[in-house]
Amino acid sequence: MEKINQFLEQIELVNCLEENNLEQLQQKILELSKMNKKLYFKNSGATLAEIVPDQEKFTILKPGGKRIPLDYDHKGFFVITADSEKEQITVKHYYKDNKPGFFIQSHSAEAILLSLIQNELVSQLSHAGYLGAELSKAETALKLNLKYEQDQSLKKTNLKD
59 MEKINQFLEQ
69 IELVNCLEEN
79 NLEQLQQKIL
89 ELSKMNKKLY
99 FKNSGATLAE
109 IVPDQEKFTI
119 LKPGGKRIPL
129 DYDHKGFFVI
139 TADSEKEQIT
149 VKHYYKDNKP
159 GFFIQSHSAE
169 AILLSLIQNE
179 LVSQLSHAGY
189 LGAELSKAET
199 ALKLNLKYEQ
209 DQSLKKTNLK
219 D
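Position one of the sequence shown corresponds to residue 59 (the numbering used here), numbered consecutively onward.
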């Protein structure tokens, strides 16, 4: 009950139910917003402005960047396929010398990516990002019955007809 009373002490009801003029309502809202009443938290003595900053300050980044060639990942490379009949994504890992490494199969792109990372088969963030995007495309292709081919856009080809 104390918190309710504390809340009620900090509010002022303004009745604008009879006002139909949008400009008048906007003006009233503007006036009220400029009042800048301080809200106090009894137990701490702090104001709302001290507890919650007015605005979060982000640094804006531009999309894009330079892609690092993936053949520099000394851990190897991956071949990703999607089998619509089995509803499975298959990933084959190869070492830099083209020798077979690891094999994983799942219906979940996330499960595959987590396994690849946990087993330290990826050494670069850009490679992990690329794999995440490709695995998501493969999973989407399975769910929407689209054709998946690694490094290609998804195709609208209906596979089950």
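Positions of the beta carbon are idealized from the N, C-alpha and C atoms, including for glycine.
Any idea which residues DSSP pairs P121 with across the strands?
None; P121 has no bridge partner.
If you run the structure through DSSP and keep just helix, strand and coil, what is H132?
Three-state DSSP puts H132 in coil, outside helix and strand.
Would you mind giving the Cβ-Cβ distance between A196 and I147, rounded to the nearest angstrom? I have them listed as a contact below 8 angstroms.
Going by Cβ atoms, the distance from A196 to I147 rounds to 5 angstroms, so yes, they are a contact pair.
Given a threshold of 16 other Cβ atoms within 10 Å of its Cβ, counted over all protein chains shown, does F116 qualify as buried or as exposed?
By the neighbour-count rule (16 or more Cβ atoms within 10 Å), F116 is not buried but exposed.
With a threshold of 16 other CB atoms inside 10 Å of the CB of E192, please say whether the residue is buried or exposed.
With 16 or more Cβ atoms within 10 Å of its Cβ, E192 is classed as buried.
Over the uninterrupted alpha helix (DSSP H) stretch that includes N150, give me the two end residues.
According to the sequence as given, residue 150 is Lys; it is not Asn. Where K150 is concerned, there is no enclosing alpha helix (DSSP H), although the beta strand (DSSP E) it sits in stretches over 146-152.
May I ask you to report which of helix, strand or coil DSSP gives T139?
DSSP places T139 in strand when its eight states are reduced to three.
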